[in-house]
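Have a look at the structure below, then the notes.
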Ligand SMILES: Nc1ncnc2c1ncn2[C@@H]1O[C@H](COP(=O)(O)OP(=O)(O)OP(=O)(O)O)[C@@H](O)[C@H]1O
Ligand SMILES: [Mg+2]
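In my numbering, the protein residues as written are -14 to 354.
Encoded structure:
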């Protein structure tokens, strides 16, 4: 069995590095003192008129050699002490900040998502390491919070129809509720709701995993608007909402998968109709965004969206304000699916509203063909 080789610590590595620098400096200085120095010194003495082989000459050279050697030895000792001190201080500071990061990383790995490290103040690189670590921890904490909320919302979504179905079945078994057309309609409606939820979740998972296969082709924006109006006309009439649409003249074709974009507009129109009371209006428009993009805009005169909700309406399972407490209605997935689908097209989707009661506007941009 091979034993893992013990790794050198930071302090030892630093000492070895400084040792190499010192040895190099010592060898160079030693060579200068022993070889180059005496020759230069001798030459200068000669030029100053001190003759060769005189006793004074020998003494002066000896004095040069020994004083150089003493100075050299002292410098070497001082440098060695200074290097040891510098290595220890640096190692303590660097090692301290590194072990703070590694302790924090272990703690993060153990599920403590609120752990953060302070900037060590040891230069840009270390501050950046701490900042990157903290950003990573922020993201993980957000993801964890979202996951918790998703599971809670999902449980809530499933619980309501399942409780209704179970309640009805018990009532039928006890003979309290007749198994008539009304009862089957309720059971079917709750079953459909569960099926829709399962379907939406699967669609969302696919769309967000980026594995939607788009069958794109150039499509005139006017046709997209027309198809969306056609699909929603009856629902709008039943609700007493005025539904109209228009496409600016001379718009270029967009590169889109007709069915997917129809699905996106249907989500937007279903929302607009759901949140607009009788007597209100819903408008679908196609306009030019810029040279390379066309906008599809769905606006309504309904409930509107508060500023704090606006930032979250594209989050999975997010339902704003009153929609959150409602037993009926959607599960808060439609806009998340729409966003993933639009982004798969290389487009964008955004929401705006002047506030509650002021209506809402959703804008999809798609690249032109
Ligand atoms: N036109 C709108 N007016 C006001 N609020 C809106 C509008 N469109 C969306 N919202 C808000 O955004 C939330 C999220 O919309 P989304 O379409 O994702 O979910 P949903 O309609 O509640 O459910 P689902 O679409 O899954 O059936 C809605 O619950 C609602 O609160
Ligand atoms: Mg919806």
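We treat Cβ as the ideally placed atom computed from N, Cα and C, and that holds for glycine. The structure displayed is predicted, hence computed values, not measured ones.
For residue i, three-class secondary structure by DSSP
i: residue 299; result: coil
i: residue 334; result: strand
i: residue 270; result: strand
i: residue 354; result: coil
i: residue 199; result: coil
i: residue 316; result: coil
i: residue 1; result: helix
i: residue 329; result: helix
i: residue 346; result: strand
i: residue 281; result: strand
Buried versus exposed, by CB contacts within 10 Å (16 or more), residue i
i: residue 29; result: exposed
i: residue 250; result: buried
i: residue 319; result: buried
i: residue 151; result: exposed
i: residue 290; result: buried
i: residue 350; result: buried
i: residue 70; result: exposed
i: residue 259; result: buried
i: residue 304; result: buried
i: residue 269; result: buried
i: residue 142; result: buried
i: residue 334; result: buried
i: residue 275; result: exposed
i: residue 81; result: exposed
i: residue 146; result: buried
i: residue 155; result: exposed
i: residue 176; result: exposed
i: residue 360; result: The structure shown does not extend to residue 360, since the chain spans only -14 to 354, so no value can be given for it.
i: residue 206; result: buried
i: residue 225; result: exposed
i: residue 95; result: exposed
i: residue 124; result: exposed
i: residue 228; result: buried
i: residue 32; result: exposed
i: residue 72; result: buried
i: residue 144; result: exposed
i: residue 66; result: exposed
Backbone CA spacing between residue i and residue j [nearest angstrom]
i: residue 120; j: residue 296; result: 20 Å
i: residue 34; j: residue 109; result: 59 Å
i: residue 300; j: residue 341; result: 19 Å
i: residue 247; j: residue 209; result: 7 Å
i: residue 261; j: residue 126; result: 36 Å
i: residue 77; j: residue 245; result: 59 Å
i: residue 17; j: residue 59; result: 16 Å
i: residue 122; j: residue 191; result: 27 Å
i: residue 240; j: residue 169; result: 44 Å
i: residue 201; j: residue 221; result: 29 Å
i: residue 159; j: residue 185; result: 35 Å
i: residue 292; j: residue 315; result: 21 Å
i: residue 64; j: residue 7; result: 8 Å
i: residue -6; j: residue 91; result: 20 Å
i: residue 196; j: residue 218; result: 32 Å
i: residue 212; j: residue 86; result: 56 Å
i: residue 254; j: residue 286; result: 12 Å
i: residue 100; j: residue 116; result: 13 Å
i: residue 360; j: residue 132; result: This structure cannot speak to residue 360, because the chain is shown only from -14 to 354.
i: residue 347; j: residue 75; result: 57 Å
i: residue 25; j: residue 0; result: 35 Å
i: residue 280; j: residue 271; result: 6 Å
i: residue 166; j: residue 174; result: 12 Å
i: residue 135; j: residue 266; result: 33 Å
i: residue 40; j: residue 23; result: 16 Å
i: residue -8; j: residue 2; result: 15 Å
CB contact below 8 Å: residue i versus chain B
i: residue -3; result: Judged by its chain identifiers, the structure shown contains no chain B, having just a single protein chain.
List, from N- to C-terminal side, the alpha helix (DSSP H) runs of 4 residues or more that fit wholly inside the region 109 to 196. 109 to 158 and 166 to 194
Around ligand 2, which residues pass a check of Cβ closer than 5 Å to any of its heavy atoms? 256, 315 and 319
If we require 4 or more residues per run, which alpha helix (DSSP H) segments fall completely within the region 36 to 119? 40 to 94
Where in the region 14 to 39 do unbroken runs of the alpha helix (DSSP H), each at least 4 residues long, occur, reported from the N-terminal end onward? 22 to 32
Just to confirm the assignment: which complete alpha helix (DSSP H) runs, minimum length 4, are found wholly within the region 204 to 250? 206 to 224
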